[in-house]
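**Student:** Each residue of the sequence shown is one higher than the last, beginning at 13 in the numbering used here.
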Amino acid sequence: MSKASLLLLGVLSMFFAEVFSGASTLWFLNPWGLLVTMPLYLGHAAFLFNVAVRWSRTSLRHLYFLGMMFGLYEALITKVLWHGYPDSSGPQFGTLLGVAWGEFITLVLFWHPVMSFILPLLAYEVLSGDILDGHERLLKRSRRNLVGLLVLIVVGAVFQSNGAKFNASVSLGSMMGTVLIIALLNRLSRGKSLQSLVLGKRGMAALILFLVILYGATTVVILPERLPTTWPPYLAIILWYLVSIGLLAIDKPSALKASSDQAHLTARDLGILAIILFCATAFFSLVPTASYAILLAFFISLIGAGAVLFLGSLYRLSKTIIRAGP
Numbered sequence: 013m014s015k016a017s018l019l020l021l022g023v024l025s026m027f028f029a030e031v032f033s034g035a036s037t038l039w040f041l042n043p044w045g046l047l048v049t050m051p052l053y054l055g056h057a058a059f060l061f062n063v064a065v066r067w068s069r070t071s072l073r074h075l076y077f078l079g080m081m082f083g084l085y086e087a088l089i090t091k092v093l094w095h096g097y098p099d100s101s102g103p104q105f106g107t108l109l110g111v112a113w114g115e116f117i118t119l120v121l122f123w124h125p126v127m128s129f130i131l132p133l134l135a136y137e138v139l140s141g142d143i144l145d146g147h148e149r150l151l152k153r154s155r156r157n158l159v160g161l162l163v164l165i166v167v168g169a170v171f172q173s174n175g176a177k178f179n180a181s182v183s184l185g186s187m188m189g190t191v192l193i194i195a196l197l198n199r200l201s202r203g204k205s206l207q208s209l210v211l212g213k214r215g216m217a218a219l220i221l222f223l224v225i226l227y228g229a230t231t232v233v234i235l236p237e238r239l240p241t242t243w244p245p246y247l248a249i250i251l252w253y254l255v256s257i258g259l260l261a262i263d264k265p266s267a268l269k270a271s272s273d274q275a276h277l278t279a280r281d282l283g284i285l286a287i288i289l290f291c292a293t294a295f296f297s298l299v300p301t302a303s304y305a306i307l308l309a310f311f312i313s314l315i316g317a318g319a320v321l322f323l324g325s326l327y328r329l330s331k332t333i334i335r336a337g338p
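1. Around the Cβ of I130, are there at least 16 other Cβ atoms within 10 angstroms (buried) or fewer (exposed)?
2. Compare the C-alpha of A87 against each of I193, G110 and F295 and name the closest.
3. Inspect the CB distances between the region 18-26 and the region 186-198 and report whether three or more fall short of 8 Å.
4. Roughly how many angstroms lie between the CA atoms of L314 and A16, to the nearest whole one?
5. Give the single residue among W123, G96 and W94 whose Cα lies nearest to the Cα of Y76.
6. Roughly how many angstroms lie between the CA atoms of E237 and H95, to the nearest whole one?
7. Which value, in whole angstroms, describes the spacing of the CA atoms of L260 and T49?
8. Three-state secondary structure (DSSP) at L108?
9. State buried or exposed for L60, treating a residue as buried only when at least 16 other CB atoms are found within 10 Å of its CB.
10. Taking R199 as part of the alpha helix (DSSP H), name the residues at either end of that continuous run.
11. Can you give me the C-alpha to C-alpha distance between S33 and T90, rounded to a whole angstrom?
12. What does the Cβ neighbour count give for F342, buried or exposed, with the cut at 16 atoms within 10 Å?
13. What are the boundary residues of the alpha helix (DSSP H) that L254 is part of?
14. Measure the Cβ-Cβ separation of S266 and S68 and say whether it is below 8 Å.
15. Using 8 Å as the threshold, is the region 245-261 in touch with the region 151-162, meaning 3 or more CB pairs across them?
16. My assumption, with CB atoms under 8 Å, is that L84 sits in contact with Y253. Please give the rounded CB distance.
17. At the level of alpha carbons, what is the spacing between G212 and I220?
18. N174: which of P43, Y304 and L321 sits nearest, CA to CA?
19. Cβ atoms of A294 and A180: under 8 Å apart, would you say?
20. I need the straight-line Cα distance from L72 to K264, nearest angstrom please.
21. If we require 4 or more residues per run, which alpha helix (DSSP H) segments fall completely within the region 69-110?
22. Could you check how far apart the C-beta atoms of L54 and L93 are, in whole angstroms? I think they sit under 8 Å.
23. Return helix, strand or coil for K213, following the three-state DSSP convention.
24. Between M216 and F290, is the Cβ-Cβ spacing less than 8 Å?
25. Among the residues of its own chain, which have a CB less than 8 Å from the CB of K321, if the five just before and after it don't count?
26. In terms of residue numbering, what span does the alpha helix (DSSP H) encompassing M26 cover?
27. Is P103 near G114, with beta carbons less than 8 Å apart?
28. Around the Cβ of F105, are there at least 16 other Cβ atoms within 10 angstroms (buried) or fewer (exposed)?
29. Return the CA-CA distance between V299 and A292, expressed in angstroms with no decimal places.
30. Quick one: residues in its chain with C-beta nearer than 7 Å to the C-beta of F310, no 5 flanking neighbours on either side, listed in chain order?
31. Which residues in the same chain have their Cβ closer than 7 Å to the Cβ of L172, if we skip the five residues on either side of it in sequence?
32. Going straight from the alpha carbon of T70 to that of R214, what length do you get?
33. For F276, list the residues DSSP reports as bridge partners.
34. Can you tell me which of L206, L46, S100 and M80 puts its alpha carbon nearest to the alpha carbon of G258?
35. Nearest-angstrom Cα distance between R202 and T278?
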């Protein structure tokens, strides 16, 4: 276990989830961002990765199912899955069993599995050069992956610009400052590998204790008036934890082994993409009219993306089970 490596994973999670969404601007200058938000992402990413390793569930599909549990923190901690986003008057599209289903599909079925967990881990793999078998298809230098990365850059630039209220100095400062921290931690964790993220028994016990305290404290401190007063909303969240665990349990294990494919993205490639990201952020911060239309389109499409990802994962899992036979 390497502390610098764990911090790197945590900041990568913070970068893709919070900075790209525009939810956190200049978080590294904000006590709440440093003491609550970043540790929240670090704790969840480290815990779920260690669960993946211990349970031999490290394929992209496994990480997606684990990432769904990541997203469920938006219930007890932020109350978004029950009451809608903090700046809204309520759920976007109403509720089902007391759960804001639009926010649920967006956050639990797409944003947190992909942006908070899978992408940070893939970026860590590129920086460490330790690519897991099965992950290389998303990390190859291919036209398809390049298009996906450019779309991702536009999403991050538009959302961060909007979150910074189109203040270019704030949006660029958020992006550049976070990338600078990532570069520093990458240098401090030289020689890192995926094994550097694996905790021992004491480390896992301490991490679990931290998460219990975090959930307990934030449940009563952050918008406690938004906690449901009936039992169905709580039951729905508990059931989804069970669904996630059940899907992982019936899926076949995966080996924690490195890929032999060397034709993948490198740290230099990520540096070039970061420069493109800075340019895109500056552009969308200075041209709000272009940002609004793209922002609305992306925001609506996230619901569809969440549904497609989840149903696609179920379909591939069913094919795996059928092929395996009785």
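Cβ atoms here follow ideal geometry from the backbone N, Cα and C, with glycine treated the same way. The model shown is predicted, which means the values in this text are computed figures rather than measured ones.
**Tutor:** According to the data block:
1. buried
2. G110
3. yes
4. 33 Å
5. W123
6. 10 Å
7. 27 Å
8. strand
9. buried
10. A180 to L200
11. 15 Å
12. Outside the shown range of the chain (13 to 338) lies residue 342, about which nothing can therefore be said.
13. P244 to I262
14. yes
15. no
16. 6 Å
17. 12 Å
18. Y304
19. yes
20. 12 Å
21. 72-83, 85-88 and 92-95
22. Rounded, the Cβ-Cβ distance is 21 Å, inconsistent with contact.
23. helix
24. no
25. For clarity, residue 321 is Leu in the given sequence; the question names Lys instead. The residues are Y76, L121, F122, P125 and V126.
26. K15 to M26
27. yes
28. exposed
29. 10 Å
30. V167 and V170
31. Going by the sequence as given, residue 172 is Gln instead of Leu. These residues qualify, in order along the chain: V31, F32, G34, S183, S186, M187 and T293.
32. 22 Å
33. The sequence as given places His at residue 276; Phe does not occur at that position. Note: H276 sits in a beta bridge opposite K152.
34. M80
35. 15 Å
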